[in-house]
Structure formats: structure tokens, C-alpha cells
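Numbering (my numbering), first residue to last: 6 to 165. Take a look at the structure below.
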Ligand code: THU
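Right, here's the structure in full:
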């Protein structure tokens, strides 16, 4: 038997280190989070993407009384971007969460597994990495690629 080890590199940053472009993306994600339809969890997630054509699009989680029918903010946003611009790459995805008072959560909140699966397939589809920024009040985590968040990804190669 052999034991292997995986190493994931990411940056730990702070709000004050956000560039102007990143602050614009954060504003867009925060405004989206306020519009979240989250009457069941009250967990307001906002996401914003910067596309290769410079456009910024945003989205938020959409819940449903039939719980599994709802969708996370990340997938709402990336599917929205791909629906409008199927051939334009998503360069950066920023995710943030607001509490019921509209304040940032202190910790950076990572995307769920299903969202990671969609984000990594989006990277394969666009043939370029998607930078991911997870923004909390006290920490900002930056990943160069969504695939860094999902080791052992299931890809279309597995279907062959
Ligand atoms: N949620 C997201 O929007 N993104 C995630 O990655 C995790 C969870 C949403 C789904 C649901 O509306 C609420 O947060 C609680 O799970």
C-alpha cells in the first residue's frame, strides 16, 4: 500500500487587500445576496462573475418549498453567464454570504460540492481556469482555479 498526499495552494487575504476590480465584484455579489430568495434557510448567498469580455453578472440562491428544487447562488450565476454568453470564459467568481442584518459573515464560505462540480466542468468547457474568491468579513480566500476546490473531480472522461 502507498499513501499519497494532496497539496492545495490558496491565498489568505483581507478585505483591505481587494483591488478596485475585486471591490466592484464584491459590491455586485453583495447586492445580489440581498436579493436572495431564502425564506427557509435565511442564508443569503451572493455570487458575481467577471467574464473575459469584461462584463459582470451576479446571482443569488433561490430556494423552494420543495427544498431540493432550489439552487445555490454559484450555479444560478454561472449557468446564467453561460446561458447568455456560451462562448465567453468566466475569469473570476466571487462568493459572499450576508446574515439577516445584511452584514458579511466573518468566515469565507466555500461552495457546496455540487457547485464545485459545475464550476470545474465550466473550466473544462471554457478551457481556462476560473479564479475563485471567497469573501468573509475577516478573511478572503483566493483559489487560482475552481479545480483546486475539488480534487478527484468526476469528468466526462469517466463516461468514455
Ligand atoms: N447555498 C448556496 O447558495 N451556495 C452554496 O454553495 C451552499 C449553499 C444556499 C443553498 C440554500 O439556499 C442555502 O444556501 C442554505 O443551504
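All residues carry an ideal CB built from backbone N, CA and C; glycine is no exception.
Review point. Among the residues of its own chain, which have a CB less than 8 angstroms from the CB of residue 134, if the five just before and after it don't count?
Key: Hits under 8 angstroms: 128, 149, 150, 151, 152.
Review point. Any contact of the stretch 11-21 with the stretch 64-73, i.e. 3+ C-beta pairs under 8 angstroms?
Key: The stretch 11-21, when compared against the stretch 64-73, does not touch it at the 8 angstroms Cβ threshold.
Review point. Are the CB atoms of residue 101 and residue 109 nearer to each other than 9 angstroms?
Key: In this structure, residue 101 sits near residue 109, with a CB-CB distance shorter than 9 angstroms.
Review point. My guess is that residue 52 and residue 78 are in contact by the Cβ rule of under 8 angstroms, so how many angstroms apart are they, rounded?
Key: Rounded to the nearest angstrom, the Cβ distance from residue 52 to residue 78 is 4 angstroms, consistent with a contact under 8 angstroms.
Point to revise | Cα-Cα separation, residue 124 to residue 7 | key: Rounded to the nearest whole angstrom, the CA to CA distance from residue 124 to residue 7 is 31 angstroms.
Review point. Using the rule of at least 16 other Cβ atoms within 10 Å of the residue's Cβ for burial, across every protein chain shown, is residue 14 buried or exposed?
Key: Residue 14 is exposed by the Cβ-count criterion.
Check your understanding: Would the beta-carbon of residue 41 be found less than 8 angstroms away from any heavy atom of the ligand THU?
Key -> Yes, the beta carbon of residue 41 sits closer than 8 angstroms to at least one heavy atom of the ligand THU.
Exercise for review: May I ask you to check if the CB of residue 78 is nearer than 8 angstroms to at least one heavy atom of the ligand THU?
Suggested key: The answer is yes for residue 78.
Exercise for review: Check whether the Cβ of residue 45 lies closer than 8 angstroms to any heavy atom of the ligand THU, and answer yes or no.
Suggested key: Yes, Cβ of residue 45 sits closer than 8 angstroms to a heavy atom of the ligand THU.
Exercise for review: List the endpoints of the continuous beta strand (DSSP E) containing residue 65.
Suggested key: Its beta strand (DSSP E) spans residues 61-65.
Check your understanding: Should residue 115 be counted as a contact of the ligand ADP given a C-beta to heavy atom distance under 8 angstroms?
Key -> What this structure holds is the ligand THU, not the ligand ADP.
Check your understanding: If you measure from the CB of residue 50, is any heavy atom of the ligand THU nearer than 8 angstroms?
Key -> Residue 50 Cβ: within cutoff of the ligand THU.
Exercise for review: Keeping to the same chain, check which residues put their C-beta closer than 7 angstroms to that of residue 31; ignore five residues upstream and five downstream.
Suggested key: Excluding positions up to five away in sequence, the list reads 23, 99, 101, 140.
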